[in-house]
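Asks: Residue numbers (UniProt numbering), protein chains in the order written: chain V, 1 to 245; chain F, 1 to 245.
Every residue, glycine too, gets a C-beta built ideally from N, C-alpha and C.
(1) Distance check for residue 69 of chain V and residue 5 of chain V, CA to CA, integer angstroms please.
(2) Take every Cβ of the segment 18 to 36 of chain V, pair it with every Cβ of the segment 70 to 84 of chain V, and state whether three or more of those distances are shorter than 8 Å.
(3) Quick check: what's the CA-CA separation for residue 176 of chain V versus residue 238 of chain V?
(4) Would you tell me roughly how many angstroms separate the C-alpha atoms of residue 147 of chain F and residue 115 of chain V, rounded to the nearest one?
(5) Starting from residue 123 of chain V, find everything on chain F with Cβ-Cβ shorter than 7 Å and list it in chain order.
(6) Under the DSSP definition of a beta bridge, which residues are partnered with residue 176 of chain V?
(7) Return the bridge partner residues of residue 87 of chain F from the DSSP annotation.
(8) In this structure, does DSSP put residue 227 of chain F in helix, strand or coil?
(9) Cα-Cα, which of V/228, V/99, V/144 and V/37 is closest to residue 60 of chain V?
(10) Mapping DSSP to helix, strand and coil, what is residue 104 of chain F?
(11) Is residue 209 of chain V near the ligand NAP, judged by its Cβ being under 6 Å from some heavy atom?
(12) At what residues does the beta strand (DSSP E) containing residue 64 of chain F begin and finish?
(13) For the segment 47 to 69 of chain V, enumerate the residues whose C-beta is nearer than 8 Å to any C-beta of chain F, in chain order.
(14) Over the uninterrupted alpha helix (DSSP H) stretch that includes residue 147 of chain F, give me the two end residues.
(15) Report all residues from its chain with a CB closer than 8 Å to the CB of residue 232 of chain F; omit the five preceding and five following residues, and keep chain order.
(16) Look up residue 119 of chain F in the DSSP assignment and say whether it is helix, strand or coil.
(17) According to the Cβ coordinates, are residue 248 of chain V and residue 119 of chain V closer than 7 Å?
(18) Just reading off the alpha helix (DSSP H) that residue 76 of chain V is part of, what are its end residues?
(19) Judging by CA-CA distance, which residue of V/54, V/63 and V/55 is the nearest neighbour of residue 47 of chain V?
(20) In the DSSP output, what is residue 199 of chain F paired with across the bridge?
(21) Using a C-beta to C-beta distance shorter than 8 Å, which residues of chain F count as neighbours of residue 234 of chain V?
(22) Could you compute how far the alpha carbon of residue 109 of chain F sits from the alpha carbon of residue 129 of chain F?
(23) Cβ closer than 8 Å: which chain C residues qualify as neighbours of residue 118 of chain V?
(24) What residue does the beta strand (DSSP E) around residue 210 of chain V start on, and which one ends it?
(25) Taking the straight line between their C-alpha atoms, what separation do you get for residue 100 of chain V and residue 42 of chain V?
(26) Tell me the rounded alpha-carbon separation between residue 139 of chain V and residue 96 of chain F.
(27) Going by DSSP, which residues form a beta bridge with residue 142 of chain V?
(28) Can you look up residue 93 of chain F in the DSSP assignment and give me helix, strand or coil?
(29) Work out the CA separation of residue 242 of chain V and residue 166 of chain F for me, nearest whole Å.
(30) Identify which residue in F/149, F/215 and F/131 has its Cα closest to the Cα of residue 161 of chain F.
(31) Within the continuous beta strand (DSSP E) that includes residue 130 of chain F, where are the two ends?
(32) Measure from the alpha carbon of residue 184 of chain V to the alpha carbon of each residue in V/222, V/212, V/141 and V/163, then state which is nearest.
(33) In chain order, what residues of the same chain lie with their CB nearer than 6 Å to the CB of residue 76 of chain F, ignoring the 5 residues before and after it?
(34) Between the C-alpha atoms of residue 102 of chain V and residue 111 of chain V, what's the straight-line distance to the nearest angstrom?
(35) How is the beta strand (DSSP E) around residue 160 of chain F delimited, first residue to last?
(36) Against residue 81 of chain F, what residues of chain V qualify as contacts under a CB-to-CB distance less than 9 Å, listed in chain order?
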């Protein structure tokens with residue numbers, strides 16, 4: 001099959017996936033580039049594959065040949081992309097995990113993607129997002145996650161309920177907050193089963209959610225500055241996983 | 001003073017600061033937004049201040065009133081910016097420091113800015129960049145550094161010579177590399193005086209530079225993935241500064 005026109009019905013349908021509304025309605029999302037398409041294929045999420053007519057299909061998955069203008073119409077990340085995949089959103093099991101993070105209103109798609117990528121590297125088993133977090137299927141998030149999205153379940157939920165439910169199962173929940181009473185990360189006694197909450201880029205974690213947590217922690221700094229939330233989250237996740245106990 | 005036209009001579013001169021060539025020739029760079037201008041002013045770097053005609057000047061520094069189109073002409077970061085500062089590049093002392101980092105061909109301006117921001121938070125006293133690193137006065141770098149650039153000296157130099165010179169002064173230099181023989185970060189015995197080298201986003205540190213270093217270190221991960229270089233650098237700098245010894 002071959003598509004030459006950006007007016008093609010299929011293309012016009014999939015362009016809608018550039019918006020959250022479109023992705024939610026169709027339960028689909030777009031990935032760009034060889035690495036992410038490979039990851040999608042391995043995770044059995046890949047539903048459609050569009051490849052530039054001059055490029056050979058490197059995947060064991062049937063591709064639709066397209067002109068550059070058609071590929072560009074589907075693309076929002078890579079300039080003159082060569083391949084685009086349309087994927088089905090994953091269904092995640094509801095099973096509780098032992099090491100999780102909670103994201104309260106993370107707004108920047110790059111931060112969200114970087115946190116997902118790093119969480120996967122540091123043994124986090126699930127990510128719970130408040131409903132006002134940026135969409136995990138935002139193209140910039142997918143790009144920054146470098147495919148980790150296909151390996152770690154991400155849920156949108158009521159964080160208050162989820163934190164409370166995990167606490168009932170004896171998970172210790174840590175809120176990251178620059179409060180005076182917060183204890184330094186390096187002084188935390190790290191349990192086997194933990195949740196860590198990270199907050200909005202500007203305003204941090206909602207006060208009512210902080211009050212639901214067991215302990216407040218903060219990262220020591222030589223100068224009073226703030227850290228980017230993806231940096232702060234990475235340092236916490238690394239330390240919880242690998243600090244000598 | 002008031003400027004209405006983007007054809008104004010001063011504006012045409014300063015627009016050249018959008019390129020590295022222009023910044024190098026004039027020894028000036030542009031900052032955008034209240035926070036960065038404030039930092040520039042406090043560091044005595046601010047040379048010219050342009051403020052939107054409808055906005056009151058919040059600084060104790062004379063401003064040139066401009067129309068939105070003039071401000072937009074000078075701006076490359078913030079949509080409909082309200083204030084733009086033109087700053088003089090800083091002259092840094094040549095004095096050796098006790099905790100430094102070396103950046104080998106970092107290419108992404110956002111990564112560079114984030115590393116500068118985090119380095120300042122974690123007690124790093126100087127940053128040495130290879131000459132093929134991205135320009136530290138790139139607008140995206142300045143934005144990501146969140147003003148830390150005004151507090152920590154950044155040098156462009158021959159990294160081989162600089163690493164060698166620091167080693168002669170008994171500084172221990174660590175290369176970050178995903179080699180098999182690299183030791184895990186949490187197992188490093190951390191000296192009082194150290195340098196850490198971080199490499200290019202795609203290819204890491206040049207092999208000849210690795211060979212100049214005392215030790216290779218790597219960050220342990222639960223899954224075999226790579227980390228974003230700004231994330232990896234932050235975890236290393238944090239651990240060197242605050243890990244229990």
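Replies: Per the coordinate set shown:
(1) 8 Å
(2) yes
(3) 14 Å
(4) 23 Å
(5) 222
(6) V/217
(7) F/29 and F/46
(8) In the three-state scheme derived from DSSP, where H, G and I count as helix and E and B as strand, residue 227 of chain F is classed as coil.
(9) Considering only alpha carbons, the answer is V/37.
(10) strand
(11) This structure does not include the ligand NAP; it has no bound ligands of any sort.
(12) Where residue 64 of chain F is concerned, the enclosing beta strand (DSSP E) starts and stops at 64 to 66.
(13) none
(14) Annotation: residue 147 of chain F is outside any alpha helix (DSSP H) and is labelled neither H nor E by DSSP.
(15) 176, 198 and 219
(16) helix
(17) Residue coverage of chain V in this structure runs from 1 to 245, which leaves residue 248 of chain V outside it and unanswerable.
(18) Per DSSP, residue 76 of chain V belongs to no alpha helix (DSSP H) and is neither H nor E.
(19) V/63
(20) Partner(s): F/104.
(21) 227, 231, 234 and 235
(22) 13 Å
(23) In summary, chain C is missing from the structure at hand, where the protein chains are V and F.
(24) It is not in any beta strand (DSSP E) - residue 210 of chain V instead sits in the alpha helix (DSSP H) that spans 207 to 212.
(25) 24 Å
(26) 44 Å
(27) For residue 142 of chain V, which the question treats as bridged, DSSP gives no partner whatsoever.
(28) coil
(29) Distance between the alpha carbons of residue 166 of chain F and residue 242 of chain V is about 30 Å.
(30) F/131
(31) 126 to 130
(32) V/222
(33) 18 and 139
(34) 14 Å
(35) From DSSP, residue 160 of chain F is part of no beta strand (DSSP E) but of the alpha helix (DSSP H) over 159 to 168.
(36) Within chain V, not a single residue places a beta-carbon under 9 Å from that of residue 81 of chain F; the smallest gap is close to 18 Å.
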